[in-house]
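To start, the structure itself, in structure tokens.
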Amino acid sequence: MIETIQGHLYDFPRYYDLVFGSDWKAELDFLEAAFEKHSRRRVRTAFEPACGTGRLMFRLAKSGYKVSGLDLNERAVAYCNERLQRHGFRPTAFVADMSKFQIPKRVDAAFNMINSFRHLLDQRTAKAHLQCVAECLQPGGLYLLGLHLTPTATQPLDEESWSAQRGNLCVNTRLWSTSRDLKNREECCQMTFDVYTPTRSFRIEDTVIFRTYTRRQILSLLRGIEGLSIEATYDFSYDVDTPINVDDATEDVVFVLRKE
Ligand SMILES: C[S@@+](CC[C@H](N)C(=O)[O-])C[C@H]1O[C@@H](n2cnc3c(N)ncnc32)[C@H](O)[C@@H]1O
């Protein structure tokens, strides 16, 4: 039987970076294309709230952007900064809560691509986050916010599994929804990560609670944030030439929000 650890993937940045790292090229290309298409100013500086290991930050830095980010998890921030430094960039990630932060200088763009926003479990912190982001953007700048919605016209997808390999490290991931309480707006997800290294194999079992958003709930929240307006919507196919209309069957969406 494989050894099992109860823990959070975010405390294992190397495994996190592998599990969620494989899609980086599509996301990076999309970010750059969306900056170009939707920003009213040239994007030179980019900020990532909930940056995790900084898998996108570091690649944007390599493309010439000045990047910075924050995350609540100290290990993820340390991993992110070490990698930035290893590649000759300043260690610009810091530990903070994305619902109460300030940055010293306003940026041209911010991004938060894969559901991190849904870690904010109530309306107050979700709103506070969006207000902090609005505050840290230059006029005409963008916030790209990606998340999964709860569709009301179809059954939501309940399970995903995938495998990722880098060198002799391999992680098989399974993620499934165990409960969805639409009244209290909480979805509980169970995740297992089977980690294989040349010397050890083990499983990490993780439970994550996400806030749920229907189309109406997210639109009402976003429309209530002063200074930000919805400029365009895409899905997780990250094709900047193919915007989508968000309807009650939509499951994944990237909002392009623009600061007035
Ligand atoms: C799904 S990961 C995304 C990381 C990164 N944005 C990426 O695309 O790979 C979610 C991240 O949100 C962070 N997080 C959760 N709650 C947070 C909060 N209140 N403030 C800042 N970071 C938070 C976690 O520590 C984790 O690194």
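Going by the numbering used here, the letters in the sequence shown line up with residues 10 to 269, in that order.
Just so you know, even glycine gets a beta-carbon here, dropped at the ideal spot from N, CA and C.
key: Reference Glu260, options Val249, Phe245, Thr251 and Asp250, closest by Cα   = Locating residue 260 in the sequence shown gives position 251, where the first residue counts as 1. Checked all of Val249, Phe245, Thr251 and Asp250; the closest Cα to Glu260 is Phe245.
Exposed unless 16 or more other CB atoms sit within 10 angstroms - verdict on His96 = To locate residue 96, count along the sequence shown from 1; it is residue 87. Exposed: under 16 other Cβ atoms inside 10 Å.
query = Is the beta carbon of Gly61 within less than 6 Å of some heavy atom of ligand 1?
reply = In the sequence shown, residue 61 corresponds to position 52, counting from 1. Checking every heavy atom of ligand 1 against the Cβ of Gly61, one is found closer than 6 Å.
message = Can you determine whether any heavy atom of ligand 1 sits closer than 6 Å to the C-beta of Asn82, and answer yes or no?
response = Position 73 of the sequence shown, counting from 1, holds the residue named residue 82. Yes.
inquiry  = Would you say the beta carbon of Asp106 is closer than 6 Å to some non-hydrogen atom of ligand 1?
reply    = On the sequence shown, residue 106 is found 97 positions in, with the first residue counted as 1. Yes, the beta carbon of Asp106 sits closer than 6 Å to at least one heavy atom of ligand 1.
message = Quick check on the DSSP output: the beta strand (DSSP E) that includes Lys268 runs from which residue to which?
response = Along the sequence shown, read from residue 1 onward, the residue named residue 268 stands at position 259. Asp261 to Lys268 is the span of the beta strand (DSSP E), which, as asked, contains Lys268.
ask   = beta strand (DSSP E) containing Met66: first to last residue?
value = As a first step, residue 66 must be located in the sequence shown, where it is residue number 57. From DSSP, Met66 is part of no beta strand (DSSP E) but of the alpha helix (DSSP H) over Met66 to Lys71.
task = Mind the definition here: the segment 122 to 129 touches the segment 50 to 67 only if three or more C-beta pairs lie below 8 Å; say whether that holds.
result = yes
query = Using a Cβ-Cβ cut-off of 7 Å (strictly less than) and excluding sequence neighbours within five positions of Gly150, which residues of its own chain qualify?
reply = Translated into the one-based positions of the sequence shown, residue 150 becomes position 141. Here the set comprises Ser48, Arg50, Val116, Asp117, Ala118 and Lys268.
Asp215 versus Leu228, Gln140, Trp185 and Asp257, residue with shortest Cα-Cα distance = For the purposes of this step, residue 215 is identified with residue 206 of the sequence shown, where counting begins at 1. It is Trp185.
key: For Phe29, the three-state DSSP class (helix, strand or coil)   = The sequence position of residue 29 within the sequence shown is 20, counting from 1. Three-state DSSP puts Phe29 in coil, outside helix and strand.
query = Is it true that the CB of Leu93 sits closer than 7 Å to the CB of Phe264?
reply = Position 255 of the sequence shown, counting from 1, holds the residue named residue 264. Position 84 of the sequence shown, counting from 1, holds the residue named residue 93. No.
task = Within 10 angstroms of the Cβ of Arg220, are there 16 or more other Cβ atoms? Answer buried if so, exposed if not.
result = By 1-based counting over the sequence shown, the position of residue 220 is 211. Buried is the call here.
request  = Report the residue from Leu166, Asp190, Met200 and Pro100 whose alpha carbon sits nearest the alpha carbon of Val180.
outcome  = Within the sequence shown, residue 180 is the residue found at index 171, counting from 1. Among Leu166, Asp190, Met200 and Pro100, the Cα nearest to that of Val180 belongs to Met200.
query = What's the C-alpha gap between Arg133 and Arg224?
reply = Taking the sequence shown and counting its residues from 1, one reaches residue 133 at position 124. Taking the sequence shown and counting its residues from 1, one reaches residue 224 at position 215. Distance between the alpha carbons of Arg133 and Arg224: 18 Å.
inquiry  = Alpha carbons only, please: which of Arg232, Tyr152, Gly176 and Leu158 is nearest the one belonging to Ala40?
reply    = Within the sequence shown, the letter at position 31 stands for residue 40. Per the sequence shown, residue 40 should be read as Leu rather than Ala. Ranking Arg232, Tyr152, Gly176 and Leu158 by Cα distance to Leu40 puts Tyr152 first.
query = Below 7 Å between beta carbons: does that hold for Ala173 and Ser72?
reply = In the sequence shown, counting from the first residue as 1, residue 173 sits at position 164. In the sequence shown, counting from the first residue as 1, residue 72 sits at position 63. No, they are not a contact pair.
ask   = Rounded to whole angstroms, how far is the Cβ of Leu178 from the Cβ of Leu231, which I believe are closer than 8 Å?
value = Here residue 178 refers to the residue found at position 169 of the sequence shown. Here residue 231 refers to the residue found at position 222 of the sequence shown. 38 Å between Cβ atoms; not a contact.
ask   = Under the criterion of a Cβ to heavy atom distance below 6 Å, does Ser125 qualify as lining ligand 1?
value = Locating residue 125 in the sequence shown gives position 116, where the first residue counts as 1. Ser125 Cβ: within cutoff of ligand 1.
task = May I ask you to report which of helix, strand or coil DSSP gives Asp117?
result = Position 108 of the sequence shown, counted from the start, is the residue given in the question as residue 117. If DSSP states are grouped into helix, strand and coil, Asp117 belongs with the strands.
task = Tell me whether the beta-carbon of Ala35 lies closer than 7 Å to the beta-carbon of Val249.
result = On the sequence shown, residue 35 is found 26 positions in, with the first residue counted as 1. On the sequence shown, residue 249 is found 240 positions in, with the first residue counted as 1. No, these two residues do not count as a Cβ contact at 7 Å.
ask   = Do you know offhand how far Ile14's Cα is from Thr159's?
value = Here residue 14 is taken as the residue at index 5 of the sequence shown, counted from 1. Here residue 159 is taken as the residue at index 150 of the sequence shown, counted from 1. About 30 Å.
inquiry  = Within 10 Å of its beta-carbon, does Arg99 have 16 or more other beta-carbons around it, so buried, or fewer, so exposed?
reply    = The residue given as residue 99 occupies position 90 in the sequence shown. The residue is exposed, with fewer than 16 neighbouring Cβ atoms inside 10 Å.
inquiry  = Please report the distance separating the alpha-carbon of Gly233 from that of Val204.
reply    = Against the sequence shown, residue 233 aligns to sequence position 224. Against the sequence shown, residue 204 aligns to sequence position 195. Distance between the alpha carbons of Gly233 and Val204 is about 43 Å.
Three-way DSSP call (helix, strand, coil) for His128 in this model = Within the sequence shown, numbered from 1, the residue matching residue 128 stands at position 119. DSSP places His128 in helix when its eight states are reduced to three.
ask   = Do the CB positions of Thr182 and Ala258 come within less than 7 Å of each other?
value = Position 173 of the sequence shown, counted from the start, is the residue given in the question as residue 182. Position 249 of the sequence shown, counted from the start, is the residue given in the question as residue 258. Not in contact: Thr182 and Ala258 (Cβ atoms no closer than 7 Å).
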